[in-house]
């Protein structure tokens, strides 16, 4: 037992107890009283004896009861507390996992219907908050402090929902306000936030100056509480401070198996764009073999259903009949002696999920939205599994169309050979003189994309600040620039001349034109020194050690990819990556797919969409049925691009605006609509069996039992005892009076 305000109670006791005793020792002032009989002298003598000063106190039940009442009040004033021993430290960081796997319906919460894991985690976190030690009724007078806590919610990102505070009402509101996310799990950002908000250790020099020591925390010990199912891929990179405690509270069942869609892609046949193939990758994390029906729905109508048998998950190294794995996340087996030889918790062995897939082929020329859904086998009458998030995905396919491509060149064997192998609708070749005649008339060739091989268009009134007219261009061996205009915007690029030989050292591997390209083997005999103005509409997407190698330019109706060096003076045409780059660049610039491939947006990603010129009143509508998201207004960048995200809920988002529509966009009530599918597609997040240990960088932490016992305050019971004693004293006093 400990006392939160014992100095205050001791001070009050030093005054109150002697005062009460003195009241029974004080002599009362007498007055003359006439009596009718001497029988009352005995009572008068007793009264004189009781009020004689310095006389030994007589036995008095009233004094005893009043001392008990005063003692109980003093003990209550000292705020006695029965220590529970449940917590270490006075500062607590509560990490709540809100990732996609926390939507698994395997937590009952003592109800008849399954409950998501997140709700169970929030319930246990609230119990932890309720059991935190409070500062006491007289905290300001005694300088007493209670426990403080901070709330951090995380998936693949993290945010502080409540900074350190001892106000339990604020902590409860922060926990109850956490909503489910469909993004994958990552603990790194949450740990960085926890460390950033921890008090720093301060070193005081001899001269009185102070210095903050980075990496070391100061103040009370910090207790980190992780509420999660343990499915955290980067947990082994998290390293809490050595002096801090780390407690893992496992949520969910270790026996939960799951069937999920982990990959989807819609691709039109290379030689026949009318034929659309939808590839679906499946995963089974249940140790048992599973059968599932895969349903393809196109624009709301069921197009096909296929049945798939998926093998069960296996333990690494096991095969055949001997591979009867234990449930994912089960505790390690004990040794022959029936117990674990080590007192330290061990990381649990992972299972290799069973994989499979299915391919749907349909004949459709128009742009379409496809939905792929997993269903229980026909006639089974049971639910598929407890994790519905990855049972449904969406993918959009662009319309079937082959590009018309024009090339302005003085003669390039490499370029002509590479373009001849692409499935283009039309390939037209112009000489520089022919192109100049067309451009001088203010016209453009009737093509979707124009390739300028060592040729730059003549400047005209139609040229923008970059020196290019409206259209889609692939510029090879040149750097377009406009003549400077007084009070006009400067050119986004400037050619500084030759820069000698170079190699490509870096490129944006996620850019659509470079996604499937490897450029580290490209040698350039004669590179160009190009200056790209920061903040302009030109962006470097590949560079050499001497400067930009590939530049993207977007300015209003003009869109171009610019390769400033001479292609023939490099090893690039001899590499297969050159043909791949041409196909991807034409695909990207043309706005439609040559091969017709389409990728969906994954959870946690930021989306960038380029809208047609003149788009206004741009709005983003959340997926139907997602109540925690609302309509958002967006503002475009100078090149017409809108950026939003990161995406945290799965479904089909709708980007709508006033203005023209691009191929594949819809028109409805005078507005253009672009559908943007967003899916989980994460094999690790679809493995939903909870674990009982978390392997950190510095330790392996076993799960706690989930019960929280805070310090037991005794002063309310002492106050009840005071009330009872006062009632007893009142009863005895009144009974004595009437005797």
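Residue numbers (our numbering): 70 to 808.
Backbone N, C-alpha and C define an ideal beta-carbon position, used for all residues, glycine too.
Just so we're clear, the structure is a prediction, and the values are computed from it rather than from any experiment.
Residue range of the beta strand (DSSP E) that includes residue i
| i | result |
| --- | --- |
| residue 485 | No beta strand (DSSP E) contains residue 485, which is instead part of the alpha helix (DSSP H) from 482-489. |
| residue 230 | 227-234 |
| residue 198 | Residue 198 -> not in any beta strand (DSSP E); alpha helix (DSSP H) instead, spanning 186-199. |
| residue 219 | 217-223 |
| residue 754 | Neither: residue 754 is in no beta strand (DSSP E) and is coded neither H nor E. |
| residue 442 | 437-444 |
| residue 423 | 423-432 |
| residue 735 | 735-737 |
| residue 352 | 344-353 |
| residue 727 | 720-727 |
| residue 627 | 627-632 |
Distance, residue j Cα to residue i Cα
| i | j | result |
| --- | --- | --- |
| residue 459 | residue 342 | 29 Å |
| residue 220 | residue 194 | 9 Å |
| residue 748 | residue 772 | 31 Å |
| residue 456 | residue 323 | 13 Å |
| residue 345 | residue 255 | 36 Å |
| residue 688 | residue 679 | 14 Å |
| residue 435 | residue 466 | 8 Å |
| residue 803 | residue 135 | 15 Å |
| residue 364 | residue 443 | 6 Å |
| residue 576 | residue 695 | 37 Å |
| residue 333 | residue 738 | 32 Å |
| residue 377 | residue 582 | 35 Å |
| residue 235 | residue 307 | 26 Å |
| residue 189 | residue 354 | 23 Å |
| residue 226 | residue 677 | 19 Å |
| residue 217 | residue 313 | 15 Å |
| residue 33 | residue 549 | The requested residue 33 is not part of the displayed model; the chain covers only 70 to 808. |
| residue 666 | residue 336 | Only weak support is given to the placement of residue 666: the predicted model assigns it a pLDDT of 49, under 50, and the value that follows is read from those uncertain coordinates. Going by the C-alpha atoms only, they are around 4 Å apart. |
| residue 746 | residue 723 | 9 Å |
| residue 791 | residue 266 | 44 Å |
| residue 545 | residue 454 | 54 Å |
| residue 578 | residue 203 | 53 Å |
| residue 543 | residue 623 | 12 Å |
| residue 369 | residue 379 | 27 Å |
| residue 580 | residue 447 | 42 Å |
| residue 445 | residue 328 | 10 Å |
| residue 489 | residue 706 | 36 Å |
Spatial neighbours of residue i in its chain, beta-carbon cut-off 7 Å, leaving aside the 5 residues before and after
| i | result |
| --- | --- |
| residue 540 | 513, 519, 627 |
| residue 840 | Examination of residue 840 is not possible in this model, given that the chain is present from 70 through 808 alone. |
| residue 241 | 195, 198 |
| residue 714 | 674, 675, 676 |
| residue 744 | 438, 465, 721, 723 |
| residue 588 | 573, 576, 611, 646 |
Cutoff 7 Å: residue i Cβ touching any chain B Cβ
| i | result |
| --- | --- |
| residue 520 | Protein chain content of the structure displayed is limited to a single chain, and chain B is not contained in it. |
Nonlocal neighbours in the same chain, by C-beta distance under 6 Å from residue i, ignoring five residues either side
| i | result |
| --- | --- |
| residue 691 | 698 |
| residue 247 | 165, 167, 222 |
| residue 478 | 522 |
| residue 338 | 344 |
| residue 751 | 253 |
| residue 302 | 753 |
| residue 348 | 334, 428 |
| residue 232 | 219 |
| residue 647 | 641 |
| residue 517 | 472, 473, 659 |
| residue 661 | Confidence at residue 661 is low in this model, with a pLDDT of 43, below 50, so its placement is unreliable and no value can be given for it. |
| residue 476 | 498, 520 |
Nonlocal neighbours in the same chain, by C-beta distance under 8 Å from residue i, ignoring five residues either side
| i | result |
| --- | --- |
| residue 547 | 521, 523, 524, 525, 631, 633 |
| residue 228 | 221, 222, 262 |
| residue 599 | 548, 562, 563, 564, 565, 616, 617, 620, 633 |
| residue 60 | The displayed coordinates of the chain run from 70 to 808. Any statement about residue 60 would go beyond what the structure contains. |
| residue 736 | 730, 742 |
Extent of the continuous alpha helix (DSSP H) run through residue i
| i | result |
| --- | --- |
| residue 239 | 237-245 |
| residue 264 | 257-266 |
Residue i Cβ short of 6 Å to the ligand SAM heavy atom set
| i | result |
| --- | --- |
| residue 314 | Within the structure as shown, the ligand SAM is missing, as the structure has no ligands at all. |
Query - Complete runs of the beta strand (DSSP E) confined to the stretch 558-622 [at least 3 residues] - result: As for any beta strand (DSSP E) of minimum length 3 sitting wholly inside the stretch 558-622, the runs are 562-576, 592-601, 607-613, ordered along the chain.
Query raised in the report: Counting Cβ pairs, one atom from each stretch, are 3 or more of them under 8 Å apart for the stretch 369-377 and the stretch 425-438?
Result: yes
Query raised in the report: Where are the alpha helix (DSSP H) runs, 4 residues long or more, that stay fully inside the stretch 639-717, in chain order?
Result: 645-659
**Report entry** Runs of alpha helix (DSSP H) wholly within the stretch 494-539 (minimum 4 residues, chain order)
**Finding:** 501-509
Query raised in the report: Between the stretch 297-315 and the stretch 751-768, are three or more C-beta pairs nearer than 8 Å?
Result: The stretch 297-315, when compared against the stretch 751-768, does touch it at the 8 Å Cβ threshold.
Query raised in the report: Using 8 Å as the Cβ pair cut-off and three pairs as the minimum, do the stretch 494-508 and the stretch 604-616 touch?
Result: Output reads no: the stretch 604-616 does not touch the stretch 494-508.
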